[in-house]
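*Asks:* One structure coming up, written as structure tokens, with questions to follow.
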């Protein structure tokens, strides 16, 4: 059942794989689907979504175990990709949308476009889908990342610390192979990246992670010169701290899609 709010936002639920995925859609203009990332919900992206809905018909949703979505028996990259596939199949859009993905959502968007290119007009990828030249998480990072995973699990509830830790390890594998997916995509693609994904500290893992992040983007542009990039001076929270800048870049880059 679809419910329309006083502001004109349509809300409905997609059922698949034993999971309930809440979807919201609103705005006017060309269609756009926004895919959140790990430990991120459509509510978290409220400012960015509101800005984009001024001139786009924006649909967004919660991945399994996030926000208002129900918990699931499995949490993996392929399971989250199934969520995106299920949502896209239920959206009755007038034309192929631009798919915008944030963090893990960017990787999901690339894999989806490689599988179903005829259903996508273009991609905008925000701080994700980066073909890193080496794994982000080295052995020396595991203790700190476990602590981060525990904090995120306490904040969100459905995913355990082990779920989040395992997904972090899995994402290194996914990104190590993602150039193969880009090579299957003949669509306009633009990336928006943070200059300091791990923050601006000169100590700990931040300097290495920031260097790897930039090296991955440079690798992507060398392999796929048609892909364009913008950098925002910030960390991985740029969709929250720089939502107007992100929205303006998306708006300006959609002309080529």
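Residue numbers (the UniProt record's numbering): 1 to 257. Ideal placement from N, C-alpha and C gives every residue a C-beta, glycine not left out. Being a predicted model, the structure only gives us computed values, none of them experimental.
(1) Per DSSP, what kind of secondary structure is residue 57 in: helix, strand or coil?
(2) May I have the straight-line CA-CA distance separating residue 14 from residue 26, to the nearest angstrom?
(3) Which partner residues does residue 190 have in the DSSP bridge list?
(4) Considering only DSSP beta bridges, list what residue 35 is partnered with.
(5) Grab the span of the alpha helix (DSSP H) containing residue 215 for me, first residue to last.
(6) Given that a residue counts as buried once 16 or more other Cβ atoms are within 10 Å of its Cβ, and exposed if not, what is residue 28?
(7) Where does residue 155 fall in DSSP's three states?
(8) Between 137, 40, 11, 253, which lies nearest to residue 188 when the distance is taken from Cα to Cα?
(9) Going by the beta-carbon positions, is the gap between residue 101 and residue 126 smaller than 8 Å?
(10) According to the Cβ coordinates, are residue 129 and residue 178 closer than 8 Å?
*Replies:* In this structure, then:
(1) strand
(2) 17 Å
(3) 124, 228
(4) 101
(5) 206–223
(6) exposed
(7) helix
(8) 253
(9) yes
(10) yes
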